[in-house]
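Asks: Chains as they are written, first to last, in the working numbering: chain A, 1 to 237; chain B, 1001 to 1218.
All C-beta atoms in this analysis are idealised placements derived from N, C-alpha and C, irrespective of residue type, glycine included.
Here it is, the structure in full.
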């Protein structure tokens, strides 16, 4: 029998996702954001989610839509004040959603650390700022650092450009961003991918995420383009 | 410090002039991260005698200018989420590698805006203390870049000094700023205070001191 991580539909790929799960959502703004997987989660109705992402969604599409459906109780992100953000500010201003602000590089490194078996690390980022409050400090070579802990998740929702059935992935330009490290840090990485090739057709030198970090794939050939969707007034569901 | 009537303020350099001064001070072959907004202007004033490589924290090294309308690719954006281009010799990487370039001290210069800068080089530029807190990569940049340049108006819109003895807003980093480029002067942070490197031709040192909350010297 051959290894095959490709799932037949959204119901199958999302079958394990449970209420109260912590989910990493790839993307920087709309680039690399797994909109179809997020819409699948709206259809499934999974709730009380903690979302780890760089941003907090635009318009009422993708992550913005999931938050708008009140399926998210907490967002851990670096920048929750996007120009086109609608749903997060609505809920935040009413006190109906929690926010943990993390500097972007610390967010990336906490995710990378989790995927690499590193429980915590010291960093100069944030020292002396409000985001250092309550964190252990340590001096190395006369300079102060703070302790940051690894950030794990039950699932990573990821968007990639090309995959094979082993889960080897490539990305498109700056749509790579958080996606590879989130694949490493989650118990299960669920990946929506535009193209699926036969094993060996992706040059091994070009694989960005080796298949060991990926559990499930779904083929989404023509993903929604968030900017266009918002301009057209799309809302989901 | 007396209250300043904004009508009485002397007009300083415009933002293009400030950008050109920063561009002049970026050495050939440096790796540079330009903050979102006003600092982005700097790239327009780099002289022909040097090549600068621009880093964008969302995983792009070798960033080029904005694309033509028909060449926009929404998978190729900058840290401000605006479409950009990649120059020959450029590369993509994931977010942890991109921030290793910053946090590991590989970025030679970053240029950022400011709300307040203290006489000891503390910077406040991410939060007014109100609204949804959002930090992005600012804290990483100031902690990691080898040189942190601040590009700012000398005074707030209300006419209050941005260069202060002690910041009142939430900090981005402590003791991180190397040099300030304002519409009134170029100043270095030193143990003795704000050291004037260049003064706007319309401004006296006495006037500069009167609009700065912290020791200014030449």
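For residue 181 of chain A and chain B, any beta-carbon pair shorter than 8 Å?
Replies: Here residue 181 of chain A corresponds to residue number 181 of the first chain, with the count starting at 1. It does: the Cβ of residue 181 of chain A has a partner Cβ on chain B nearer than 8 Å.
Asks: At a Cβ threshold of 8 Å, is residue 1132 of chain B touching chain A?
Replies: Position 132 of the second chain holds residue 1132 of chain B. Chain A, which has a Cβ nearer than 8 Å to the Cβ of residue 1132 of chain B, makes this yes.
Asks: Inspect the beta-carbon positions of residue 77 of chain A and residue 113 of chain A and report whether they are closer than 8 Å.
Replies: Counting from 1 along the first chain, the entry for residue 77 of chain A is found at position 77. Counting from 1 along the first chain, the entry for residue 113 of chain A is found at position 113. Remark: C-beta atoms of residue 77 of chain A and residue 113 of chain A do not approach each other more closely than 8 Å.
Asks: Which residues in the same chain have their Cβ closer than 7 Å to the Cβ of residue 1001 of chain B, if we skip the five residues on either side of it in sequence?
Replies: By 1-based counting over the second chain, the position of residue 1001 of chain B is 1. Confidence at residue 1001 of chain B is low in this model, with a pLDDT of 47, below 50, so the placement of that residue should be treated as unreliable; the coordinate-derived value is given next. Cβ within range, chain order: 1213.
Asks: Report the neighbours of residue 239 of chain A on chain B: residues whose CB is nearer than 8 Å to its CB, in chain order.
Replies: With chain A covering only 1 through 237, there is no way to say anything about residue 239 of chain A.
Asks: Using CA atoms only, rank isn't needed, just tell me which of A:163, A:22, A:141 is closest to residue 201 of chain A.
Replies: Along the first chain, one-based indexing puts residue 201 of chain A at 201. Nearest to residue 201 of chain A by alpha-carbon distance, out of A:163, A:22, A:141, is A:163.
Asks: For the alpha helix (DSSP H) that residue 1015 of chain B lies in, which residues bound it at each end?
Replies: Counting from one through the second chain, the residue named residue 1015 of chain B turns up at place 15. Residues 1015-1025.
Asks: Enumerate, from N- to C-terminal direction, the unbroken alpha helix (DSSP H) stretches of 4 or more residues contained entirely within the stretch 1175-1215 of chain B.
Replies: Taken in chain order, the whole alpha helix (DSSP H) runs of length 4 or more contained in the stretch 1175-1215 of chain B are 1205-1210.
Asks: Kindly indicate which residue of A:99, A:121, A:104 has the alpha-carbon position closest to the one of residue 1096 of chain B.
Replies: Position 96 of the second chain, counted from the start, is the residue given in the question as residue 1096 of chain B. The option with the nearest alpha carbon to residue 1096 of chain B is A:104.
Asks: So residue 1054 of chain B and residue 1023 of chain B are supposed to be a Cβ contact under 8 Å. How far apart are they, rounded?
Replies: The count along the second chain starts at 1 and reaches residue 1054 of chain B at position 54. The count along the second chain starts at 1 and reaches residue 1023 of chain B at position 23. With a Cβ gap of about 12 Å, residue 1054 of chain B and residue 1023 of chain B do not count as contacting.
Asks: Any beta carbon from chain B within less than 8 Å of residue 59 of chain A's own beta carbon?
Replies: Position 59 of the first chain holds residue 59 of chain A. So, not an interface residue.
Asks: Quickly, what does DSSP pair residue 192 of chain A with across the bridge? List them, please.
Replies: Position 192 of the first chain, counted from the first residue, corresponds to residue 192 of chain A. Residue 192 of chain A pairs with A:159, A:218.
Asks: Suppose the cutoff is 7 Å on Cβ atoms and the five residues either side in sequence are ignored; what does the same chain contact list for residue 19 of chain A look like?
Replies: For the purposes of this step, residue 19 of chain A is identified with residue 19 of the first chain, where counting begins at 1. If we look at residue 19 of chain A and ignore the five residues flanking it on each side, its Cβ neighbours are 46, 47, 48.
Asks: How far does the alpha helix (DSSP H) with residue 92 of chain A in it reach, from first residue to last?
Replies: Counted from its first residue, the first chain places residue 92 of chain A at position 92. Residue 92 of chain A -> alpha helix (DSSP H) spans 87-93.
Asks: Starting from the N-terminal side, write out each stretch of the alpha helix (DSSP H) that is 4 residues or longer and does not extend beyond the stretch 44-101 of chain A.
Replies: Listed in chain order, they are 63-68, 87-93.
Asks: Closest Cβ-Cβ distance between residue 1094 of chain B and chain A: below 8 Å?
Replies: Here residue 1094 of chain B refers to the residue found at position 94 when the second chain is read from its first residue. The Cβ of residue 1094 of chain B sits closer than 8 Å to at least one Cβ of chain A.
Asks: Taking 8 Å as the cut-off, does the stretch 1181-1190 of chain B touch the stretch 1133-1143 of chain B (at least 3 CB pairs, one atom from each stretch)?
Replies: no
Asks: Return the chain-ordered list of same chain residues with a C-beta closer than 7 Å to the C-beta of residue 1041 of chain B, the five sequence neighbours on each side being excluded.
Replies: Here residue 1041 of chain B refers to the residue found at position 41 when the second chain is read from its first residue. Excluding positions up to five away in sequence, the list reads 1015, 1016, 1019.
Asks: If I'm right that residue 1216 of chain B touches residue 1203 of chain B with Cβ under 8 Å, what's the distance once you round it to whole angstroms?
Replies: To locate residue 1216 of chain B, count along the second chain from 1; it is residue 216. To locate residue 1203 of chain B, count along the second chain from 1; it is residue 203. Their Cβ separation, rounded to whole angstroms, is 11 Å, which puts residue 1216 of chain B and residue 1203 of chain B out of contact at 8 Å.
Asks: Under three-state DSSP, which class holds residue 131 of chain A?
Replies: Residue 131 of chain A sits at position 131 when you count from the first residue of the first chain. Looking at residue 131 of chain A - three-state DSSP - the assignment turns out to be helix.
Asks: Name the chain A residues whose beta carbon is nearer than 9 Å to that of residue 1179 of chain B?
Replies: Translated into the one-based positions of the second chain, residue 1179 of chain B becomes position 179. Per Cβ cutoff of 9 Å: no residues; residue 1179 of chain B is ~20 Å from chain A at best.
Asks: Quick one: list the residues of chain B neighbouring residue 92 of chain A, beta-carbon separation under 8 Å, in chain order.
Replies: As a working mapping, residue 92 of chain A is identified with position 92 in the first chain. What residue 92 of chain A touches in chain B: 1132.
Asks: Hey, quick one: how far does the beta strand (DSSP E) through residue 1068 of chain B stretch, first residue to last?
Replies: For the purposes of this step, residue 1068 of chain B is taken as the residue at position 68 of the second chain. Where residue 1068 of chain B is concerned, there is no enclosing beta strand (DSSP E), given that its DSSP letter is neither H nor E.
Asks: Looking at C-alpha atoms only, which residue of A:99, A:108, A:59 is the closest neighbour of residue 87 of chain A?
Replies: For this step, residue 87 of chain A is matched to residue 87 along the first chain. Nearest of A:99, A:108, A:59 to residue 87 of chain A, Cα basis: A:59.
Asks: Please state whether DSSP places residue 1078 of chain B in a helix, a strand or coil.
Replies: Residue mapping note: residue 1078 of chain B aligns to position 78 of the second chain, counting from 1. Here residue 1078 of chain B sits in coil by DSSP.
Asks: With DSSP run on the structure shown, which of helix, strand or coil describes residue 1150 of chain B?
Replies: Position 150 of the second chain, counted from the first residue, corresponds to residue 1150 of chain B. Reduced to three states, the DSSP call for residue 1150 of chain B is strand.
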